[in-house]
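K.L.:
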Amino acid sequence: MVMPKLEPLLREAIEKEAKRLDIPTAALAAVVAVESGGRFSARVAGRDEPLIRFEGHYFDRRLAGRSLTIAREAGLADPRAGQVKNPRGQAARWAILKRAAAIHHVAAHESCSWGCGQVMGSHWRWLGYPSVDALVDDARNGIGGQVRLMGRFIAKSGLDDALRRKDFRAFAKGYNGPAYAKNAYDRKIADAFAAYERAFAGSPGRQTKGQILKRGAQGEPVRKLQADLMTLGYKLGVDGAFGPQTETVLRRFQADVGLAPDGIAGPLTLDNIKTALADRSGGEIAAGQEESKKTNGQSVGWALLTLLYAILQRVLGRVRLD
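Numbers -12 to 309, taken from the working numbering, label the letters of the sequence shown in order.
(1) What does DSSP give as the partner residue(s) for residue 101 in the beta ladder?
(2) Which class does residue 225 belong to by DSSP, given the choice of helix, strand or coil?
(3) Near residue 66, what residues of its chain come up, given a Cβ to Cβ distance below 7 Å and the 5 sequence neighbours on each side ignored?
(4) How would you label residue 234, buried or exposed, when you count the other beta carbons within 10 angstroms and need 16 or more for buried?
(5) Can you round the beta-carbon distance between residue 179 and residue 20 to whole angstroms, since I take them to be within the 8 Å contact cut?
(6) Which residues bound the alpha helix (DSSP H) around residue 157?
(7) Give a yes or no on whether the C-beta atoms belonging to residue 146 and residue 162 are separated by under 8 Å.
(8) Evaluate contact between the segment 76 to 91 and the segment 110 to 122, counting only Cβ atoms and requiring at least three cross-stretch pairs below 8 Å.
(9) The beta strand (DSSP E) spanning residue 31 covers which residue range?
(10) What does DSSP give as the partner residues of residue 34 in its beta bridges?
(11) Taking all protein chains shown into account, do 16 or more other C-beta atoms lie within 10 angstroms of the C-beta of residue 70, making it buried, or fewer, making it exposed?
(12) Taking all protein chains shown into account, decide if residue 56 is buried (16 or more other Cβ within 10 angstroms of its Cβ) or exposed.
(13) Residues in its own chain within less than 6 Å of residue 54 by CB, not counting five upstream and five downstream?
(14) Where does residue 77 fall in DSSP's three states?
(15) Rounded to a whole number of angstroms, what is the C-alpha to C-alpha distance between residue 217 and residue 140?
(16) Return the Cβ separation of residue 158 and residue 12 in integer angstroms, given the expectation that the two are a contact with Cβ distance under 8 Å.
(17) With DSSP run on the structure shown, which of helix, strand or coil describes residue 66?
(18) Check the DSSP bridge columns for residue 252 and list the partner residues they point to.
(19) From this set, 177, 219, 254, which residue's C-alpha is nearest residue 200's C-alpha?
(20) What residue range does the alpha helix (DSSP H) around residue 238 cover?
(21) Among the candidates 152, 230, 61, 40, whose CA atom is the shortest distance from the CA of residue 102?
(22) Could you give the first and the last residue of the continuous alpha helix (DSSP H) run that contains residue 313?
(23) Can you give me the Cβ contacts of residue 248 inside the same chain, cut-off strictly under 7 Å, excluding the 5 residues immediately before and after it?
(24) Are the beta-carbon atoms belonging to residue 142 and residue 15 less than 8 Å from one another?
(25) Skipping 5 residues on each side, what residues in its chain have a beta carbon closer than 8 Å to that of residue 127?
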């Protein structure tokens, strides 16, 4: 995967939107990297335009009567997804959009995905734009507009929280759909996040605090990580070296608690380990307290019986039997 260079305008746009959404800047940068593939514009008719993809089945749904007939005859509309092919070149795709817009302007622009976030124009009303043209204008307003459009979609879809938690599996499933695992979107985002985290240290977005342990790390922090995982019941040696076995076990723990299994012990994973240890310790303490209650209860019971027996002996000793 091509990692976009952090050109000043791109960096500024990502930092600004991450701050607005209150999400880790590196997380938004990772999503931008994966979704865009490192490309943000193409030269079309003398202007830098956002990358688009025309969806003929969307166009087909939005037309009726004579317009639908014309679009189908022109090869621009089809009820089946994927039947209207997109050329590789962006200039040719923009030419398709122009032909479709001549049939129905709004439907044509609603039937395109726009910019680095690949947001469909059909979402304009849902995202709070006054028209599809307003959404398109945002996408065509440089990299800042593209990132802003992506941020609106992330927030409206409720996926900003997944990025705050760095749960890239949940994010990928929500953003890319059920096929995310087949295309390893979550892993790609996690890898990009790891690559960008240091680059965005000190940026205005929400930041990751604390240490990060991953393959190749050594020392006492790794030893403690291994010991904690062992305490939680995972089979693992404690040697202070973060190797393949530690990564595999850590991925298993992350999957067990619902985190993206990236095999990296960042603040979120370490917090979950700490919580799991506290829960385990609390359970053991509660069990011990319950056993103590039983033992104390038995002790009190025997003491009462002993006292009662002594009283009866005194009383009976004073009674004269005739």
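Think of the CB as a built atom: it goes at the ideal place given N, C-alpha and C, for glycine as much as any other residue.
P.N.:
Walking through what the data contain:
(1) Stepping through the sequence shown from its first residue, residue 101 is reached at position 114. In DSSP, residue 101 forms a bridge with 39, 106.
(2) Reading the sequence shown from its first residue, position 238 is the one you call residue 225. Coil, per DSSP.
(3) Translated into positions along the sequence shown, residue 66 becomes position 79. Counting only Cβ-Cβ distances below 7 Å, and skipping sequence neighbours, we find 44, 47.
(4) Here the question's residue 234 lines up with position 247 in the sequence shown. Buried is the call here.
(5) Working through the sequence shown from its first residue, we reach residue 179 at position 192. Working through the sequence shown from its first residue, we reach residue 20 at position 33. Indeed they touch by this definition, with Cβ atoms about 4 Å apart.
(6) Start at 1 with the first residue of the sequence shown, and residue 157 comes out as number 170. That run of the alpha helix (DSSP H) goes 155 to 163.
(7) The residue given as residue 146 occupies position 159 in the sequence shown. The residue given as residue 162 occupies position 175 in the sequence shown. Their beta carbons are under 8 Å apart, which means residue 146 touches residue 162 by this criterion.
(8) no
(9) Against the sequence shown, residue 31 aligns to sequence position 44. Residues 29 to 31.
(10) Translated into positions along the sequence shown, residue 34 becomes position 47. Partner(s): 31.
(11) On the sequence shown, residue 70 is found 83 positions in, with the first residue counted as 1. By the neighbour-count rule (16 or more Cβ atoms within 10 Å), residue 70 is not buried but exposed.
(12) On the sequence shown, residue 56 is found 69 positions in, with the first residue counted as 1. With fewer than 16 Cβ atoms within 10 Å of its Cβ, residue 56 is classed as exposed.
(13) What you label residue 54 is simply residue 67 of the sequence shown in a count that begins at 1. Result list for residue 54: 90, 91, in chain order.
(14) Taking the first residue of the sequence shown as 1, we reach residue 77 at position 90. If DSSP states are grouped into helix, strand and coil, residue 77 belongs with the helices.
(15) Within the sequence shown, the letter at position 230 stands for residue 217. Within the sequence shown, the letter at position 153 stands for residue 140. If you take the alpha carbons of residue 217 and residue 140, they lie about 41 Å apart.
(16) One-based indexing of the sequence shown puts residue 158 at position 171. One-based indexing of the sequence shown puts residue 12 at position 25. That belief does not hold up - the Cβ atoms of residue 158 and residue 12 are roughly 15 Å apart, past 8 Å.
(17) Working through the sequence shown from its first residue, we reach residue 66 at position 79. Residue state, collapsed to three classes: coil.
(18) Here residue 252 refers to the residue found at position 265 when the sequence shown is read from its first residue. 200.
(19) Residue numbering aside, residue 200 sits at position 213 when the sequence shown is read from its first letter. Among 177, 219, 254, the Cα nearest to that of residue 200 belongs to 254.
(20) Stepping through the sequence shown from its first residue, residue 238 is reached at position 251. Segment 231 to 243, the alpha helix (DSSP H) holding residue 238.
(21) Looking up residue 102 in the sequence shown gives position 115. Of the candidates 152, 230, 61, 40, the one whose C-alpha sits nearest the C-alpha of residue 102 is 40.
(22) Past the edges of the chain, shown from -12 to 309, lies residue 313, and the structure says nothing about it.
(23) Within the sequence shown, numbered from 1, the residue matching residue 248 stands at position 261. Counting only Cβ-Cβ distances below 7 Å, and skipping sequence neighbours, we find 238, 241, 242.
(24) As a working note, residue 142 is residue 155 in the sequence shown. As a working note, residue 15 is residue 28 in the sequence shown. No. Outside cutoff.
(25) Along the sequence shown, one-based indexing puts residue 127 at 140. Result list for residue 127: 36, 37, in chain order.
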